[in-house]
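Each remark here refers to the structure printed beneath this line.
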Amino acid sequence: MDHLIRQKTIHEKLSELASNLWWSWQPDVTDIFRTISPAKWSEFGHNPIPLLREYTPEKLEVRAREEVLHSRIHGAYRRWLEYMADDDTWGDTHAGVLGHRPVAYFSAEFGLHESLRIYSGGLGLLAGDHLKSASDLGAPIVAVGLFYYEGYFQQTVDETGWQREHYLVANPSDLPLREMKDKDGKPILISVDTRSSRIMARIWKCEVGRVPLYLLDTNIPENTPEDRQLTARLYGGNSRTRIRQELLLGIGGLRALTALGVRPHAIHMNEGHSAFATLEQIRLRMKDDGLSFDDALREVAASSVFTTHTPVAAGHDRFDGGLIDEHLQPLFSELGLSHESFMGLGRVDPHRSEEPFCMTVLAFKTSRHANAVSNLHGVVTRRMWRPLWPWRSEEEIPIGHITNGVHVPTWLAPQMRTLYDKVLPLNWHLRSGQPDVWAGFEQVTPGELWETHEALKGRLIGYARHHLTRYAQRNRESEAAIAKLQNVLNPQALLVGFARRFAPYKRTDLVLRNIDVLAEMFDDKERPVQFIFSGKAHPADDLGKQIMQKVHRLAQDERFQKNIVFLEDYDINVARHLVQGVDVWLNNPRRPLEASGTSGQKVVLNGGLNLSILDGWWAEAFDGQNGFAIGTGITHANQDIQDQRDNESLLEVLRNEVVPLYYQRDADGLPQGWIRRMKRAVKTLGWRFNADRMVMDYVTHSYVPAAGGTSCQMPQMA
Ligand SMILES: *Cc1c(COP(=O)(O)O)cnc(C)c1O
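Written out as structure tokens, the structure reads:
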């Protein structure tokens, strides 16, 4: 048989599917992998590559026959080929000017799937969802990041409730990564010179549907032992590690694209970590096109996009002159700049010599398209960075906002998707960023919606019990104690979820401040309330760890054990279960410190209701009937008073609005008022807080103008 026309085997087809992360947002493909071996699927952390390695083609044939998988595999493979070959996408129509020169999207982290641990929280998840939507829409993007082979830590919690961090070394051959090589088959290496050494890196390609993600990795023999560790961990080390990682991400990242023959039309910096990329772009323009520094800066800035995420001054990366000199001197000499003029690029006031070098300031000064990530965050950001444009009034500061959204196919439960398919227009998922597409959700029958939600909630509760049992077994708890875990969480009772990083401003313990009031609500026989928590504290954040310890202790306390649950090791998988199964998603940051928040948007898609402070995305999403608000959006200057007030408002809304509405049932046991809110949430929020809408906004309002070189006024330079 001629191998060119030979049908591919199912093993070959599945291996190809496993090599591109597209599978991860196709529930049916995920289900094929799981069906091959549920035990192995779980053992390998939902990673199909080692799973398929366990199966020879013959063994897979047998298994596929047993489970009747052949036509599903052929169908999935065909759909994938069609997806990759589609040349009539939204991007083909709307991003044509980008032509064959894509937008280069830089981010320090990418949250794509639980098996690729190169993310820590919201910033990474946002970047991951951005790439997936860009792929679905056919928006021409290439992405650049770092391959952290030890990733972000895995969390365990000891008996005292203290967080322990563990790092597992990932093997690239177990991941959907391909090393980039030249035509002679030699690895392509890039280098960045510091004043004292040369940092080298290889390049991995990770395919995210149609979008390539290039990840730099310094773990190669050409580097010193210290530099081999440079890309080991996300957000590890000290500020020297940090500047070296950022040097690699920005300058190394753009060099990697150059080495691969990619010349981007525009640069998009997702947060300031990658801001050195614009300096490399300036260097290239000076070298290749003979521009002066000032001209190159003007042109590069006109084609650069910057998204800022941090509404607290202390949260921005700052480096002292010594670190800057050690790492940037070779570059700024080549640009013809002195130490002082270079430092000025990272200072609000270029001449204030005690001001350190701030990556966010550099990003603002080298990009003409800057945005915050929600309407309110835009206001806060303009106020915060106003000194960069001292001649302008606050409203005229050239920082807009594009509110974050989530990638629907990633976060929507398959059961809920079946409901969507019944009432929304055909191929709704191809146009999910448009409001009219969601109007049909009104037609869902209340009973069907409620049953689907109850099924997902049951799944979450089962998952939580399993999780707790594993924890108890590890801690050698008694048989009796373990048996009792099967009664933890009541499927009939209102379930409130809270999971996010234990950053103190997120106030995970806010609802627990008044535990006596809460205990009354737990003990209410008719209308009980229960909570499920999860989250990690940054390894260096002892305050965050103390908050976690408090939550964990209450969850272990005999009195509250059935009503408060803490799940270890928050990651994308835990998040998926939570956002798909809770009745209510609680969010109570100290306003206005939550730039956007996205987990609540994932909850909306699955029929959960948000109960949130009017901060971030919720400040522009809440309309009085599509969820619940805590407080009125007014803030007190004194933090303790604010916390006290917010705790009171939270308990009040919970007791007087959320609980009564949830338990108000009709003759069929349906909470009709609650279901009306579920529907309203999906209809009014699904299209807006959606990564397709977000990417369309970036293309229309940032990328296309940046590629065309449209510019607005520069910040204070000298
Ligand atoms: C969505 C998500 C986040 C971000 O949630 P916030 O609401 O911004 O805190 C963080 N971690 C994981 C694992 C997520 O899935």
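Quick note: the sequence shown uses the working numbering, first residue 1, plus one each step. The C-beta atom is built at its ideal place from N, Cα and C for all residues, glycine as well. Since the model is a prediction, treat every value here as computed from it, not as a measurement.
Practice problem: Can you grab the Cα-Cα spacing for the pair Tyr-703 / Leu-248, in whole Å? | Solution: In the sequence shown, counting from the first residue as 1, residue 703 sits at position 703. In the sequence shown, counting from the first residue as 1, residue 248 sits at position 248. So the alpha carbons of these two residues sit roughly 24 Å apart.
Quiz item: What did DSSP end up calling Gly-99 once you bin it into helix, strand or coil?
Solution: Sequence index remark: in the sequence shown, residue 99 carries index 99 (1-based). The answer is coil: DSSP assigns Gly-99 none of H, G, I, E or B.
Self-check item: Meets three-Cβ-pair contact criterion under 8 Å: the segment 263-271 and the segment 120-135
Solution: yes
Quiz item: What's the C-alpha gap between Glu-442 and Gly-458?
Solution: Walking along the sequence shown from the start, residue 442 turns up at place 442. Walking along the sequence shown from the start, residue 458 turns up at place 458. Roughly 24 Å separates the two Cα atoms.
Quiz item: Who are the Cβ neighbours of Arg-263 in its own chain at under 7 Å, not counting the five residues just before and after it?
Solution: Along the sequence shown, read from residue 1 onward, the residue named residue 263 stands at position 263. Excluding positions up to five away in sequence, the list reads Arg-101.
Quiz prompt | Extent of the continuous beta strand (DSSP E) run through Gln-163 | solution = Here residue 163 corresponds to residue number 163 of the sequence shown, with the count starting at 1. Element bounds for Gln-163: 163-166.
Quiz prompt | Asp-349, DSSP secondary structure in three states | solution = Here the question's residue 349 lines up with position 349 in the sequence shown. Looking at Asp-349 - three-state DSSP - the assignment turns out to be coil, as it is neither helix nor strand.
Quiz prompt | Neighbour-count burial assignment, Ile-634, 16 or more Cβ in a 10 Å radius | solution = Residue mapping note: residue 634 aligns to position 634 of the sequence shown, counting from 1. With fewer than 16 Cβ atoms within 10 Å of its Cβ, Ile-634 is classed as exposed.
Practice problem: Quick one: residues in its chain with C-beta nearer than 7 Å to the C-beta of Phe-498, no 5 flanking neighbours on either side, listed in chain order? | Solution: Numbered from its first residue, the sequence shown carries residue 498 at position 498. Closer than 7 Å at Cβ, skipping near neighbours: Thr-508, Phe-531, Phe-533, Leu-586.
Quiz item: Based on the DSSP secondary-structure assignment, which residues constitute the bridge partners of Arg-202?
Solution: Here the question's residue 202 lines up with position 202 in the sequence shown. DSSP lists Leu-189, Asp-217 as partners of Arg-202.
Exercise. Please work out which residues of its chain come closer than 6 Å, Cβ to Cβ, to Pro-387, disregarding the five sequence neighbours upstream and downstream, and give them in chain order.
Key: Translated into the one-based positions of the sequence shown, residue 387 becomes position 387. Closer than 6 Å at Cβ, skipping near neighbours: Val-348.
Practice problem: Give the C-beta separation of Ile-243 and Ala-277 to the nearest angstrom, bearing in mind that I take them to be a contact with Cβ-Cβ under 8 Å. | Solution: Position 243 of the sequence shown holds residue 243. Position 277 of the sequence shown holds residue 277. About 14 Å; that fails the 8 Å criterion.
Self-check item: N- and C-terminal bounds of the beta strand (DSSP E) containing His-327
Solution: If you number the sequence shown from 1, residue 327 lands on position 327. Taken as a continuous stretch (DSSP letters only), His-327 belongs to no beta strand (DSSP E), being part of the alpha helix (DSSP H) at 321-334.
Quiz prompt | Residues bridged to Phe-628 [DSSP beta-bridge criterion] | solution = By 1-based counting over the sequence shown, the position of residue 628 is 628. BP columns for Phe-628 point to Leu-611.
Practice problem: Have a look at Glu-58 and Thr-30 and give me their C-alpha separation to the nearest angstrom. | Solution: For the purposes of this step, residue 58 is identified with residue 58 of the sequence shown, where counting begins at 1. For the purposes of this step, residue 30 is identified with residue 30 of the sequence shown, where counting begins at 1. Spanning the two alpha carbons is a distance of roughly 21 Å.
Quiz item: Does DSSP classify Ala-595 as helix, strand or coil?
Solution: Residue 595 sits at position 595 when you count from the first residue of the sequence shown. The answer is coil: DSSP assigns Ala-595 none of H, G, I, E or B.
Quiz item: To which residues of the same chain is His-453 closer than 7 Å at the C-beta, ignoring the five residues directly before and after it?
Solution: Position 453 of the sequence shown, counted from the first residue, corresponds to residue 453. Excluding residues within five positions, the ones whose Cβ falls inside 7 Å are Gly-607.
Quiz prompt | Where the beta strand (DSSP E) through His-369 begins and ends | solution = The sequence position of residue 369 within the sequence shown is 369, counting from 1. Segment 369-372, the beta strand (DSSP E) holding His-369.
Quiz item: Cα-Cα, which of Ser-274, Gly-209, Ser-197, Gln-281 is closest to Lys-361?
Solution: For this step, residue 361 is matched to residue 361 along the sequence shown. Contrary to the premise, residue 361 reads as Val rather than Lys in this sequence. Comparing Cα positions, the closest option is Ser-274.
Quiz item: Excluding sequence positions up to five away, which residues of its chain have a Cβ less than 8 Å from the Cβ of Ala-481?
Solution: Position 481 of the sequence shown, counted from the start, is the residue given in the question as residue 481. Counting only Cβ-Cβ distances below 8 Å, and skipping sequence neighbours, we find Ala-472.
Quiz prompt | the segment 294-305 in contact with the segment 358-372 per 3-pair CB rule at 8 Å | solution = yes
Quiz item: Between the C-alpha atoms of Leu-14 and Glu-61, what's the straight-line distance to the nearest angstrom?
Solution: The residue given as residue 14 occupies position 14 in the sequence shown. The residue given as residue 61 occupies position 61 in the sequence shown. So the two alpha carbons sit approximately 12 Å from each other.
Self-check item: Terminal residues of the alpha helix (DSSP H) in which His-401 lies
Solution: Here residue 401 refers to the residue found at position 401 of the sequence shown. His-401 -> not in any alpha helix (DSSP H); beta strand (DSSP E) instead, spanning 399-401.
Practice problem: Run the CB neighbour count on Leu-558, radius 10 Å, all protein chains shown included, and call it buried at 16 or more, exposed below. | Solution: Taking the sequence shown and counting its residues from 1, the one referred to as residue 558 is at position 558. The amino acid at residue 558 is misidentified as Leu; the sequence shows Glu. Glu-558 should be labelled exposed.
Exercise. Please list, in chain order, all residues of the same chain as Trp-617 whose beta carbon is under 8 Å from its beta carbon, the five residues on each side excluded.
Key: Position 617 of the sequence shown holds residue 617. Taken in chain order, the residues that qualify are Ser-374, Thr-403, Asn-404, Ser-596, Gly-597, Thr-598, Gly-600, Gln-601, Phe-689.
Quiz item: Exposed or buried, what is Lys-183 when buried is set at 16 or more other beta-carbons lying within 10 Å of its beta-carbon?
Solution: By 1-based counting over the sequence shown, the position of residue 183 is 183. With fewer than 16 other Cβ atoms within 10 Å, it is exposed.
Quiz item: Is Ala-575 near ligand 1, with its Cβ less than 7 Å from a heavy atom?
Solution: As a first step, residue 575 is located in the sequence shown; it is residue number 575 there, counting from the start. Yes - ligand 1 has a heavy atom lying nearer than 7 Å to the Cβ of Ala-575.
Self-check item: Limits of the alpha helix (DSSP H) - the one that Met-84 falls within
Solution: Position 84 of the sequence shown holds residue 84. Per DSSP, Met-84 belongs to the alpha helix (DSSP H) from 70-85.
Quiz item: Does the Cβ of His-265 have 16 or more other Cβ atoms within 10 Å, making it buried, or fewer, making it exposed?
Solution: Here residue 265 refers to the residue found at position 265 when the sequence shown is read from its first residue. Its Cβ being crowded by 16 or more others within 10 Å, His-265 is buried.
Exercise. Provide the residue span of the beta strand (DSSP E) that contains Ala-143, from first to last.
Key: As a first step, residue 143 must be located in the sequence shown, where it is residue number 143. It spans 141-146 - the beta strand (DSSP E) in which Ala-143 sits, taken as one unbroken run.
Self-check item: Nearest neighbour of Val-144, chosen from Trp-391, Cys-206, Trp-90, Val-169 [CA to CA]
Solution: The residue given as residue 144 occupies position 144 in the sequence shown. Val-144 has its Cα closest to that of Cys-206, out of Trp-391, Cys-206, Trp-90, Val-169.
Quiz prompt | Exposed unless 16 or more other CB atoms sit within 10 angstroms - verdict on Ser-353 | solution = Against the sequence shown, residue 353 aligns to sequence position 353. Per the 10 Å Cβ criterion, exposed.
Quiz item: Does ligand 1 have even one heavy atom less than 7 Å from the beta-carbon of Leu-125?
Solution: Numbered from 1 along the sequence shown, position 125 holds the residue referred to as residue 125. True, at least one ligand heavy atom lies under 7 Å from that Cβ.
Self-check item: Inter-residue spacing [alpha-carbon to alpha-carbon] between Ala-296 and Ile-282
Solution: One-based indexing of the sequence shown puts residue 296 at position 296. One-based indexing of the sequence shown puts residue 282 at position 282. Looking at the two C-alpha atoms, the distance is approximately 5 Å.
Practice problem: Please indicate yes or no: does the CB of Gly-581 lie closer than 7 Å to some heavy atom of ligand 1? | Solution: In the sequence shown, counting from the first residue as 1, residue 581 sits at position 581. No, the beta carbon of Gly-581 sits no closer than 7 Å to any heavy atom of ligand 1.
Quiz item: If you count every other CB in all the chains shown that lies within 10 Å of the CB of Gln-672, and 16 or more means buried, which is it?
Solution: The sequence position of residue 672 within the sequence shown is 672, counting from 1. Exposed, since its Cβ has fewer than 16 Cβ neighbours within 10 Å.
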